[in-house]
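**Student:** First, the structure itself, so that you have it in front of you.
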Amino acid sequence: MSNEDMAVHHHAHHFANADDEFEAAKQGMWIFLVTEVLMFGGLFVAYGIFRGLYPEMFHEAHQYLAVKMGAVNTVVLITSSLTMALSVSSTQKGRKSQAILFLILTFILASCFLVVKYFEYTHKFHDGLLPGGFFHNTELTTPKAPLFFSLYFLMTGLHGVHVLIGMGLIAWMVKRSLKNEFSPQFYTPVELVGFYWHFVDLVWIYLFPLLYLVG
Amino acid sequence: MGPETQKQHHHILPTKVALGIGGALLGLTAITVGVAHIDLGKFNFFIAMLVATVKAFLVAMFFMGLKYDRRENGVIFVTSLLFLAIFIVLTSTDLFFRGDVYVKGPLFATNSSQSKLKKPWLGTPELVKKGKELFSVQCTSCHGVNGEGDGPAASALNPRPRNFHSIDGWKNGRRATMIFKTLKEGIPGSAMAAYSTLPADDRWALAHFVLSLHPEAPKEDTAADFVKIGINPAQEGGGEAAVPTISIAMAMKRMASAADEQTHLYHPEFDRVSELKLNGALESRGARLYQESCVRCHGAQGQGQIKVQSLGVHPVAFVTIQSFQNQSESLKSEEAFSKKVVQGLPGSLMPGRGDLGTSDLHDLYQFVRSLAGR
Chain F
0 MSNEDMAVHH
10 HAHHFANADD
20 EFEAAKQGMW
30 IFLVTEVLMF
40 GGLFVAYGIF
50 RGLYPEMFHE
60 AHQYLAVKMG
70 AVNTVVLITS
80 SLTMALSVSS
90 TQKGRKSQAI
100 LFLILTFILA
110 SCFLVVKYFE
120 YTHKFHDGLL
130 PGGFFHNTEL
140 TTPKAPLFFS
150 LYFLMTGLHG
160 VHVLIGMGLI
170 AWMVKRSLKN
180 EFSPQFYTPV
190 ELVGFYWHFV
200 DLVWIYLFPL
210 LYLVG
Chain Z
0 MGPETQKQHH
10 HILPTKVALG
20 IGGALLGLTA
30 ITVGVAHIDL
40 GKFNFFIAML
50 VATVKAFLVA
60 MFFMGLKYDR
70 RENGVIFVTS
80 LLFLAIFIVL
90 TSTDLFFRGD
100 VYVKGPLFAT
110 NSSQSKLKKP
120 WLGTPELVKK
130 GKELFSVQCT
140 SCHGVNGEGD
150 GPAASALNPR
160 PRNFHSIDGW
170 KNGRRATMIF
180 KTLKEGIPGS
190 AMAAYSTLPA
200 DDRWALAHFV
210 LSLHPEAPKE
220 DTAADFVKIG
230 INPAQEGGGE
240 AAVPTISIAM
250 AMKRMASAAD
260 EQTHLYHPEF
270 DRVSELKLNG
280 ALESRGARLY
290 QESCVRCHGA
300 QGQGQIKVQS
310 LGVHPVAFVT
320 IQSFQNQSES
330 LKSEEAFSKK
340 VVQGLPGSLM
350 PGRGDLGTSD
360 LHDLYQFVRS
370 LAGR
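Quick mapping for you: the protein sequence lines, in order, are chains F and Z.
If you're matching positions, the first sequence starts at 0 in numbering that gives the first Met the number 0 and goes up one per residue.
If you're matching positions, the second sequence starts at 0 in numbering that gives the first Met the number 0 and goes up one per residue.
Here it is in structure tokens:
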């Protein structure tokens, strides 16, 4: 049933053919991403409301974020999106080792993102720039400033969790690629993990300017 | 069944396009960071969002392949963005364009409803008739259909509602002005709420109806009575002085800040607390207890007399905080005082403090007595 290079994928019995299965899986992923949009949406609305209520506070507080680190992370994440896209197209073309290389590159870039985030977070912890009641920075005295850091940690935190999950998924794809599970005929999981990863990038594309730049 | 293969029409993103998009995204990032360093006022925000949206568009169209995907997937995704937009737009229009519902107008709410009658404190058959109608709507649940103090709710009340057919026991006096006062302010410590939201004419009408229930004519209103209710009988309609009231939340805030800052808001020349402080007397346990538990409502000098709009009672009730500077019932004996402190005053803002022990109560009593100047 299988040749030496590529495993052959059997589509599930409730689909007429592999193509239907692929389209259904993809649509399922899109619908999942819709729920993700709405989950982050709530936080974006909260951000909008409080920014509208306390524009000066946001302006003061956002200056305490490290724009350079945020910018570096933006570059890192965009590059990782590119390597992810290249990994998908390599799988589609049957170039297994190239696909795995791009997956590993994506994984490394994702780790870089989290390392930068780690340094950002520890710096904030050290300065007492913490959410709500934990806030104990003495320099930033603008009223309600802790609110900004509640939003900062909630939004980047939820995004960070997504990055972690994405890394797990990418590692899983590497493992499955090594086992020859994917081929130009069957690459659905890699494509869908790609969707997830691009979505993580998409969220950051908005988070970065909203938190670090315009404040 | 043999192995199935996916048809070969799936779009493969050309490497050149992928690199081009990646480059464009990095370029746009550089632009957005660069622009953020120039102060363009409100435009900074719009430019940043525009650039972010262009980036998001590129990612979705090319990296996520919406451009080559079936149209329904695009519709699904764009619909979610549409709902997000509705979420954002409706929430912000509600919040930012509704007007301020929390603090509107002056800090103090005033009841400015003036009497339209020339001398409403003099009863007329028309007023009594009108009062009877109002009574059947506003008062019967407690005072009973005939005003005998036997309404359906009466059995649950202590003190019991007034029986208007009896000539005795009128707390504020059996005179039109005094009933008007009761309707305006309520009776603190009882279930009688303030009906200051009723127009002045309605309150006068109710007063006259209630007085008509007993055959004996009411006593004449004295000049002092008119002063008490802020009415000038020489003026048409009386020119009822508006009583400023503030919400309970506002009152607590103001009292707390007054107590915290030890500002001499009330009677600076008689500021007993600073006097006591100088004498070292504030170090006493009673003074400390007072500072912890009582000062916020009763004031630094025990002056009390602060009107607070009580919550949870409908219609609005006004509670006047007890002043310790006058000789009051509750200070007559330590026993009576302790009972009040421990049990609180149901229906008022005075909470029970069952956590205080006998020695606490003793010290507190001594301190409060010193405030009362006895």
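We put the beta carbon where it would ideally sit given N, CA and C, even for glycine.
Since the model is a prediction, treat every value here as computed from it, not as a measurement.
Please confirm if F:Ala84 has its CB atom under 7 Å from at least one CB of chain Z.
**Tutor:** yes
**Student:** Please list, in chain order, the residues of the segment 66 to 77 of chain Z that have any C-beta partner in chain F closer than 9 Å.
**Tutor:** Asp68, Arg69, Glu71, Asn72, Gly73, Ile75 and Phe76
**Student:** Identify which residue in Z:Phe86, Z:Leu25 and Z:Val16 has its Cα closest to the Cα of F:Gly47.
**Tutor:** Z:Phe86
**Student:** Among residues of its own chain, excluding the 5 on either side of F:Val66, which ones have a beta-carbon nearer than 6 Å to its beta-carbon?
**Tutor:** Tyr211
**Student:** Can you name, in chain order, every residue of its own chain whose Cβ lies under 8 Å from the Cβ of Z:Pro105, other than the five neighbours on each side?
**Tutor:** Note that Z:Pro105 scores 43 on pLDDT, short of 50, meaning its location in the model is unreliable and no value can be drawn from it.
**Student:** Once DSSP output is grouped into helix, strand and coil, what is the label at Z:Leu370?
**Tutor:** helix
**Student:** In chain order, what residues of the same chain have a beta carbon less than 6 Å from the beta carbon of F:Asp200, not counting five sequence neighbours either side?
**Tutor:** Leu76 and Ser80
**Student:** Could you pull out every residue in the same chain whose Cβ sits closer than 6 Å to the Cβ of F:Glu190, ignoring the five residues on either side in sequence?
**Tutor:** Sequence-distant partners of F:Glu190 (beyond 5 residues in either direction) whose C-beta falls short of 6 Å from its own C-beta, in its chain, are Val87.
**Student:** Distance, Cα to Cα, F:Asp18 vs F:Leu52?
**Tutor:** 51 Å
**Student:** Does chain Z have any CB closer than 7 Å to the CB of F:Tyr46?
**Tutor:** It does not: the Cβ of F:Tyr46 has no partner Cβ on chain Z nearer than 7 Å.
**Student:** Could you tell me which of Z:Thr14, Z:Ile230, Z:Leu116 and Z:Arg202 sits nearest to F:Thr90, measuring between CA atoms?
**Tutor:** Z:Thr14
**Student:** According to DSSP, simplified to helix, strand and coil, what is Z:Asn110?
**Tutor:** Residue placement at Z:Asn110 is flagged as unreliable, the pLDDT there being 45, under the threshold of 50; a coordinate-derived value is accordingly withheld.
**Student:** For F:Tyr117, which of F:Met172, F:Phe152 and F:Lys174 has the nearest alpha-carbon?
**Tutor:** F:Phe152
**Student:** So Z:His297 packs on Z:Glu333, CB below 8 Å; how close in whole Å?
**Tutor:** Going by Cβ atoms, the distance from Z:His297 to Z:Glu333 rounds to 18 Å, so no, they are not a contact pair.
**Student:** Is it the case that the Cβ atoms of Z:Leu212 and Z:Phe179 are separated by a distance below 7 Å?
**Tutor:** no
**Student:** Where DSSP assigns a beta bridge to F:Ser182, which residues make up the other side?
**Tutor:** F:Phe185
**Student:** Expressed to the nearest angstrom, what Euclidean distance is found between the alpha-carbon atoms of Z:Phe107 and Z:Thr123?
**Tutor:** With a pLDDT of 44 at Z:Phe107, under the threshold of 50, the predicted position of this residue should be treated as unreliable, though the coordinate-derived value follows. If I take the Cα positions, the gap works out to 34 Å.
**Student:** Would you call the CB atoms of F:Met56 and F:Thr140 closer than 7 Å?
**Tutor:** Inclusion of F:Met56 and F:Thr140 in the CB contact set at 7 Å is not warranted, their separation being larger than that value.
**Student:** Report the option in Z:Gly64, Z:Gly40, Z:Leu12 and Z:Ala17 whose CA atom is closest to the CA atom of F:Gln26.
**Tutor:** Z:Gly64
**Student:** Does Z:Ile230 come out as helix, strand or coil in the three-state DSSP assignment?
**Tutor:** coil
**Student:** Measuring straight from C-alpha to C-alpha, what distance separates Z:Leu94 and F:Ala144?
**Tutor:** 20 Å
**Student:** With 7 Å set as the bound, which would you pick, yes or no: does the beta-carbon of F:Pro208 sit closer than that to a beta-carbon of chain Z?
**Tutor:** So, interface residue.
**Student:** Skipping 5 residues on each side, what residues in its chain have a beta carbon closer than 6 Å to that of F:Trp196?
**Tutor:** Met83 and Gly165
**Student:** Under a Cβ-count criterion, where at least 16 other Cβ atoms within 10 Å of its own Cβ denotes burial, should F:Asn16 be classed as buried or exposed?
**Tutor:** exposed
**Student:** Pick out whichever of Z:Val58, Z:Ala47 and Z:Leu49 has its Cα sitting closest to the Cα of Z:Gly22.
**Tutor:** Z:Val58
**Student:** F:Arg50: buried (16+ other C-beta within 10 angstroms of its C-beta) or exposed?
**Tutor:** buried
**Student:** Counting only C-beta atoms, is Z:Val32 closer than 7 Å to chain F at any point?
**Tutor:** So yes, Z:Val32 belongs to the interface.
**Student:** Have a look at Z:Val16 and F:Gly127 and give me their C-alpha separation to the nearest angstrom.
**Tutor:** Each residue's CA atom was taken as its position, placing Z:Val16 and F:Gly127 some 45 Å apart.
**Student:** Do you know how far the Cα of Z:Phe208 is from the Cα of Z:Lys183?
**Tutor:** The straight-line gap from Cα to Cα measures roughly 16 Å.
**Student:** Less than 7 Å between CB atoms is the rule here; does Z:Gly40 satisfy it with respect to chain F?
**Tutor:** no
**Student:** Just the C-alpha distance for F:Pro220 and F:Val44, rounded to the nearest angstrom, thanks.
**Tutor:** In this structure chain F extends from 0 to 214, so residue 220 of chain F is not present and cannot be described.
**Student:** Would you say F:Val213 faces chain Z, with C-beta separation under 7 Å as the test?
**Tutor:** Interface residue, yes.
**Student:** Starting from the beta carbon of Z:Thr28, find every residue of chain F whose beta carbon is closer than 9 Å, and list them in chain order.
**Tutor:** Ala70, Thr73, Val74, Ile77, Ile204 and Phe207
**Student:** Looking at the structure shown, is F:Lys143 part of a helix, part of a strand, or coil, going by DSSP?
**Tutor:** The three-state reading of DSSP puts F:Lys143 in coil, since its state is none of H, G, I, E or B.
**Student:** Taking 7 Å as the threshold (C-beta atoms), are Z:Lys117 and Z:Glu215 in contact?
**Tutor:** No.
**Student:** Kindly indicate if chain Z contains any beta-carbon less than 7 Å away from that of F:Ser80.
**Tutor:** yes
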